[in-house]
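Okay, structure first, notes after.
What follows is the structure in structure tokens.
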């Protein structure tokens, strides 16, 4: 395994598995190419999250190999050929599962950090 | 993982994505980024540059994406395998040496494991076999547990620690199955509860019903799978068929499973109900003690054998009080052993010794292979350093080495399995009958699994040792040569190898010397030209159990006396005698206790002391046939065989103990409680009678007279000495006996054959341990040679410099040899200490030699030193002849 260089465009290390969740969530809205996914995450996070190609494309491939997303070549906005990814049924199920998981995690972490009341 | 996911992965595993797709995607990404910069108002050229900088390196992304591919791991494994195989092809000598070494180690271990597996590990063919025990009384003359019908029911009905308890008759007896031709079989009897106790269900039909297991019940039988197959061709119609056993039409009610064996390991073809009368009636049978039987029981869950023994003790004491005559009471003990111990207790030590020594050989082999791999690794250090510099991770390099190790060990195991098959054939050829299951040892899936496990373990052993050597960047330097940095580990292994082979050699040498002594010892009788003929009458058990002799010998006596007369007519036969058993041992040997001999006029001894006395019933020619001299008094005479008095000949040992200061001749000795009195007529020289290796027992010979009571069980065996060859005599004897009754089977053996059977087991142990010790020694010496010559090669330049500076050849020889001798001395010293500790384990296997016999130890040390010295001197001599010019120019 060659050492993976830290990406300059990634200010904060994403939690393990969070990237997959973000990609799935982004694709849940509409089919999108890799560039679009990166851009959308960046916009939605108000520039806080920048996904470098070095982790984006391996992640997209991983999700495709697991059957959660599928790809198709189609013309892009500027009529350039691009690879569009879309969520599969299995992917949607996975997204829901991961969202639920995320909520549990976030609540638990918040509890530990004392940011939220236990009642919630 | 869902079905969908598996399917997707499989699809991508079979049809991989084209790498161009990713390139195109990345290209698109880059273009979009450039567009974004241009839109922000930067010049296209600068925008492209900026985008590229943001973008980062492409190659890691490619690799990272590629790694996500299903099957990527497998691909790297295959890559490693291909690479390893290519390496092996390049270096054939190395590969073959390693595979042969491993095959020797693994093959020998597999063969030995398949022999000892059933003795030590494999579960017995009964349900929950670890709960089964053998229970009963033991005494000095009968060390296998037995019970008598007279108290069995008391025990069975009042015991608490067992879930069930059931018995079988003591031994198989021959019975005749009459179909078209009569065939002799072994029949045995068992209680109705016997098979359920063992958890054995017939493959066909059913077990005995309780109402069939009663006196005068219906004639029913279970037959073994073997008999069903050989005799009835697996015909299911056998059920409920009437077959004729010993003249009685008997209904076959079931067939036993294929792997069924009696817990006593006795051979039996037919099992019939024991049909015992219960409880009280038993007390009126067999002289008031009831039928003898072998009893097994199943422990209740959670009860240990020790607890069971404690719980059974009151019942035992009660039996002892009520049942056993006072004077012999102390001789009987309660014994409860696990079924495995009952079957194999006496060979477990041998099995462990063999397994331990063969594992030691495997260890030596692995160390050798590790050493070879390290030498090869040193030669390849630069290659590994290059791979490391090119980005191969440490884990990947370790994996590569481990892959190589596993490939080699699997190849070694494959060759080893073939070798094991061959070794097993040799074992079976040597097979002593006293090692149970040996003849049945074979390679099966379980053994093959064991072999694979061995291969993996040894692969991990030498693979890890090699893999953990990290390649140093220095190896990249073109001129770098290796210093002896692997040397320390390799030297350590050589020391270990020498120590282990020292232990193996000491063990083997001790066994060898003990075996020699056993073979050459003076037996006190002649065995050459002496033959025995065992006439097996149907329905007559030839060996008694629990010292119970039968006085019912009418049937035998008539036939035997006719046979004796017929054999006497043959030419070349000098003396024809009878005895129930033969020295030095083997088979059943009758015995009495020393205190059974009550000299007339002396008080009956109250204490049971003095051990046991061999007790043989013979005719006068016995002494002539075996050439045992009468040292005092006289032999029995032929006339005395028809006398109504009884006569006795004592061995010199017994005579000296019974009559230390008196003349024994003419003394009268009372034996047993029935008032039998025998007159001593002579004293015979001692013979070896406690087996080949145990101490001699005192011995008494009673004259077997021509009355029925003297020919019961134990059934006498004919003995004669002849000047003719055994091959010539055997058919004569057979025809003489066939003339009396053609259906009686006769077993004819020479006494030497009987003796040889006794020596089978020591011979087997010695041969095996010797073989392992030699293999170990050869490997250890090769290892020592390898390390010494490796070190010598490493130091070629140093030697060149030394010689250029004026060192002479003797200095160089000393320099190199010192290294090897240091290893030898260290290993040897550890080996001697370990031997002194470990050979203690062999104590019970040795005859007439101590486990720390100094002569043996010194001889072994010398042998090892000599061979090992040769192994160091060869490379040292080679180093001595290094040409300093060549060595220095090599720089």
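Chains as they are written, first to last, in this note's numbering: chain H, 130 to 249; chain Y, 215 to 1105. Positions of the beta carbon are idealized from the N, C-alpha and C atoms, including for glycine.
Check                                                                                                                      : Outcome
With 16 other Cβ atoms within 10 Å as the buried cut-off, status of residue 447 (chain Y)                                  : exposed
Backbone CA spacing between residue 557 (chain Y) and residue 705 (chain Y) [nearest angstrom]                             : 45 angstroms
Local conformation of residue 807 (chain Y) per DSSP, three classes                                                        : strand
Closest residue to residue 450 (chain Y) among Y:464, Y:435, Y:417 (Cα-Cα distance)                                        : Y:417
Cβ-based burial, residue 693 (chain Y) [other Cβ within 10 Å; buried from 16]                                              : Summary for residue 693 (chain Y): the model assigns pLDDT 48, below 50, so the residue's position carries little reliability, and this model does not support an answer.
Start-end ranges of the beta strand (DSSP E) lying completely within the stretch 195 to 221 of chain H, minimum 3 residues : 198 to 204, 210 to 216
Own chain residues within Cβ distance below 6 angstroms of residue 409 (chain Y), not counting five before or after        : 421
Euclidean distance between Cα positions of residue 648 (chain Y) and residue 975 (chain Y)                                 : 7 angstroms
Proximity test, Cβ basis, 8 angstroms: residue 231 (chain H) and chain Y                                                   : no
Neighbour list for residue 216 (chain Y) in chain H, Cβ cutoff strictly below 7 angstroms                                  : 219
Spatial distance of residue 927 (chain Y) from residue 846 (chain Y) (CA atoms)                                            : 30 angstroms
Coil, strand or helix - residue 761 (chain Y) by DSSP                                                                      : With a pLDDT of 48 at residue 761 (chain Y), under the threshold of 50, the predicted position of this residue should be treated as unreliable, though the coordinate-derived value follows. Of the three classes helix, strand and coil, the one that applies to residue 761 (chain Y) here is coil, per DSSP.
Range of the contiguous alpha helix (DSSP H) that encloses residue 309 (chain Y)                                           : 306 to 330
Closest Cα partner of residue 659 (chain Y) within the set Y:804, Y:682, Y:324, Y:923                                      : Y:324
As assigned by DSSP and simplified to three states, the class of residue 1088 (chain Y)                                    : helix
Residues that residue 487 (chain Y) bridges to, as DSSP identifies them                                                    : Y:404
Where residue 405 (chain Y) falls, given that 16 or more other Cβ within 10 Å makes a residue buried                       : buried
Partners in chain H for residue 1087 (chain Y), counting only beta-carbon separations shorter than 9 angstroms             : Neighbours of residue 1087 (chain Y) on chain H: none; closest Cβ ~49 angstroms, over 9 angstroms.
Backbone secondary structure at residue 252 (chain Y) - three-state DSSP                                                   : helix
Residues of the stretch 193 to 223 of chain H whose Cβ lies closer than 7 angstroms to any Cβ of chain Y, in chain order   : 194, 195, 196, 209, 211, 212, 219
Distance between residue 302 (chain Y) and residue 1110 (chain Y) (C-alpha atoms, nearest Å)                               : Nothing in the structure corresponds to residue 1110 (chain Y), since chain Y is present only between 215 and 1105.
Collapsed DSSP secondary structure at residue 746 (chain Y) in the structure displayed                                     : strand
Residues that residue 226 (chain Y) contacts on chain H, provided the C-beta gap is smaller than 7 angstroms               : 194
Beta bridge counterpart(s) of residue 421 (chain Y) as assigned by DSSP                                                    : Per DSSP, none; premise fails for residue 421 (chain Y).
Under 7 angstroms from the C-beta of residue 275 (chain Y): neighbouring residues of chain H                               : 182, 183, 186, 187
Residue 969 (chain Y) - partner residues in DSSP beta bridges                                                              : Answer is none; residue 969 (chain Y) lacks a bridge partner.
Residue from Y:233, Y:970, Y:844, Y:725 whose Cα sits closest to the Cα of residue 1053 (chain Y)                          : Y:725
Buried versus exposed, by CB contacts within 10 Å (16 or more), residue 1032 (chain Y)                                     : exposed
Continuous beta strand (DSSP E) stretch holding residue 914 (chain Y): start and end                                       : 913 to 917
Residue 615 (chain Y): first and last residue of the uninterrupted alpha helix (DSSP H) it sits in                         : 608 to 644
Of the residues Y:573, Y:339, Y:504, the one placed nearest residue 319 (chain Y), counting alpha carbons only             : Y:573
Counted within 10 angstroms of its Cβ, other Cβ atoms place residue 760 (chain Y) as buried (16 or more) or exposed        : Reliability fails at residue 760 (chain Y), whose pLDDT of 48 lies under 50, so the model's placement of it is uncertain and no value is given.
Distance CB(residue 436 (chain Y))-CB(residue 340 (chain Y)) smaller than 8 angstroms                                      : no
N- and C-terminal bounds of the beta strand (DSSP E) containing residue 1040 (chain Y)                                     : Run containing residue 1040 (chain Y): none in the beta strand (DSSP E); it sits in the alpha helix (DSSP H), 1023 to 1052.
Residues within the stretch 281 to 311 of chain Y neighbouring chain H, beta-carbon criterion of under 8 angstroms         : 281, 282, 283, 284
Residue 295 (chain Y) beta carbon less than 8 angstroms from that of residue 680 (chain Y)                                 : no
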